[in-house]
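Notes follow the structure.
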Amino acid sequence: MKKHQPALLVVLLVVGVSRGSLINFEEAGAVANADAAGANNTALFNTLLSKLAPGDTLVVPNKTFHVAGGIHGDGLHRVTIQIDGTLEFLSSGRKDWPTQPCNAQAMNPLQPVRNANGTCVQESFLLSNVVGLTLTSSGQGTLNGNGQAWWGYIKYLIRGENRPRLLSIVNGTDVLVERWRFLQSPYWTFTAWDVLGLEISHCDIDNRVNQDDSHDVSNLAAFNTDGFDVAGRNIHIHDCSVWNQDDCFTIQPLDAHTGIRSGGCTENVLVENVLASGLGLTVGAVHPSRGHNCIRNVTFRHARMHHTFKGIYVKSGSSDDPAASAEITNILYHDIFMEAPSQVPIWIGPAQEADSKNACSLLWPMFGKCPPPPRTLTMTNITLQNVHVESPKQSPGIILGNSENPMVGIVFDNVTVTPVDATKKPWGKLFYHCPIDGIDQASSRAVHGTSPGPSCLEQQ
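3 is the number of the first residue of the sequence shown in this note's numbering; add one for each residue after it.
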């Protein structure tokens, strides 16, 4: 037995090192339940992040700690952040929020800032260049963004999109996020950009202006509160819920210039067993780029959408650059149920928004224009299978392709809308806006009892 003792000692030492240190946020000096402590709590959190070593765990105990925004951890390797309580961001909004130059390197690159020489708010909680990161909780941890201080039609006119994302992960490998709750995000809620290997499990997002069980005018004032926005490769999101006023689960593109870690394309994404109410289960928007913007191999399955605004949403962006290109390839929606969606439940075509050039107008089809996707974007193999829409308030959908580069392989397999109501606006007895010249007829079809069938798809 004695001859094995050195080996046993080595094993014990390795195990001890791998466990690392347990750092308690409060014991390190954080003050709970004190709004005035926000700035100091933020500074302490950043200091602790900067000192985390592989194997370490930073624990926020089950209390509420106010923070001021501008939390940033960079280069974390094999660390765990365990939130058992709440990090609550300032309720004063823009007034006391930390800022930085808009061209600062720490800015989240997912959406470019138009005023590059101006001053931008810092992100609420930004983690960059991370490997083997775990964000977890012993129960359910909470990030509360106090979005009410940022939302509203007048505030949007003043601030636009110069608002902080609640949690952003930029350039990450092997990341797990589980049992976190995200409340009242001022802007996009969860952003993962250029990640290789990401799992999001048992997380919830709730961005409500009030407790109405709908997306009425009051609730829609929480502009741009995207749910889970992800871009990368090998991503699995499951057993999560989103109630918000923008895209719920959104698959964003990458290209050869932006997808450094993930290989130049967002691909191999599975979203399953989710609840979603907002602008839907979204692919895009995909804008053609010189680096070939790309989304491939995405599956949404087993989703329930109660009183959602939109439902299935595959959207293009615009580009006037003839040297740019993009693709949306191999997209599957399987076992999707929508209950009383407010707007068009199935939308495959150009993005409908107010803040992008050549987008489909928010007022269309009553007013404005809705140009087709750019011809430099290829859309191939988009399948809707076992999709059921109950009591929609508008016509079933839109499938709008470009006649110079038609969509290929559009398949509706057992897609049903009940009741079948030819009086619903905006397309009445046509049911779908579906110009035939934008769809490749040889490869596209409606099968297995799809009703009502889009007129641009051959019914088989």
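C-beta atoms are modelled at their ideal positions from N, C-alpha and C, and glycine is treated no differently. All values reported here derive from a predicted model rather than from experimental measurement.
Every beta strand (DSSP E) stretch that sits fully inside the stretch 397-440 and reaches 3 residues is listed by chain position as 399-401 and 410-420. The DSSP assignment places 73-76, 82-85, 88-91, 101-103 and 121-123 as complete runs of the beta strand (DSSP E) inside the stretch 67-132, in order along the chain (cut-off: 3 residues). With contacts defined by Cβ atoms closer than 8 Å, Cys-372 and Ser-358 do not form a contacting pair. For Ala-305, the uninterrupted beta strand (DSSP E) segment begins and ends at 295-308. Excluding five sequence positions before and after Gly-120, the CB atoms of its chain that fall closer than 6 Å to its own CB belong to Cys-104, given in chain order. Burial state of Asn-35 is exposed, judged by a 10 Å Cβ sphere holding fewer than 16 other Cβ atoms. Following the DSSP letters along the chain, one finds Gly-40 inside the alpha helix (DSSP H) bounded by residues 40-53. Cβ contact annotation for Ala-151 (same chain, cutoff 6 Å, sequence separation greater than five): Ser-93 and Gly-95, in chain order. Between Gly-399 and Ile-348, the C-beta gap is smaller than 8 Å, which places the two residues in contact. By the CB criterion at 8 Å, Asn-212 and Arg-235 fall outside the cutoff. In chain order, Arg-292 place their CB closer than 7 Å to the CB of Ala-325, counting only its own chain and leaving out the 5 sequence neighbours on each side.
Taking the C-beta atoms as reference points, Leu-272 is found nearer than 8 Å to Thr-301. Apart from sequence neighbours up to five positions away, the residues of its chain that approach Asn-148 with a beta-carbon distance below 6 Å are Phe-91, Ser-93 and Gln-186, ordered along the chain.
Within the same chain, Ser-397 and His-435 come within 6 Å of Trp-429 by CB-CB distance, once the 5 residues on both sides are set aside.
DSSP places Arg-167 outside both helix and strand once states are collapsed to three, so it counts as coil. Here Glu-329 is buried. Its C-beta has 16 or more other C-beta atoms within 10 Å. Contact between Asn-404 and Pro-376 is confirmed by a C-beta separation of about 7 Å, below the 8 Å threshold.
In the structure shown, the three-state DSSP call for Asp-37 is helix.
Excluding five sequence positions before and after Met-409, the CB atoms of its chain that fall closer than 6 Å to its own CB belong to Met-381, Gly-403 and Ile-441, given in chain order. In this structure, Gln-247 and Phe-225 form a Cβ contact; the two beta carbons are roughly 7 Å apart against a cut-off of 8 Å.
Annotated as distal: Leu-198 and Ala-233, with beta-carbon spacing of 8 Å or more. Ile-314: member of the beta strand (DSSP E) spanning 314-318, first to last residue. Partner residues in the beta bridge of Ala-448, as assigned by DSSP, are Phe-414 and Gln-461. A straight-line Cα-Cα distance of about 19 Å links Ile-401 and Thr-310. Rounded to the nearest whole angstrom, the C-alpha separation of Ile-239 and Glu-201 is 6 Å. Under the three-state reduction of DSSP output, Gly-149 falls in the helix class.
Around the beta carbon of Gly-162, a 10 Å sphere encloses fewer than 16 other beta carbons of the protein chains shown; the residue is thus reported as exposed. Secondary structure note for Ile-156: its alpha helix (DSSP H) is the uninterrupted segment 155-161. If you check the CB distance, Val-123 and Thr-101 come in under 8 Å.
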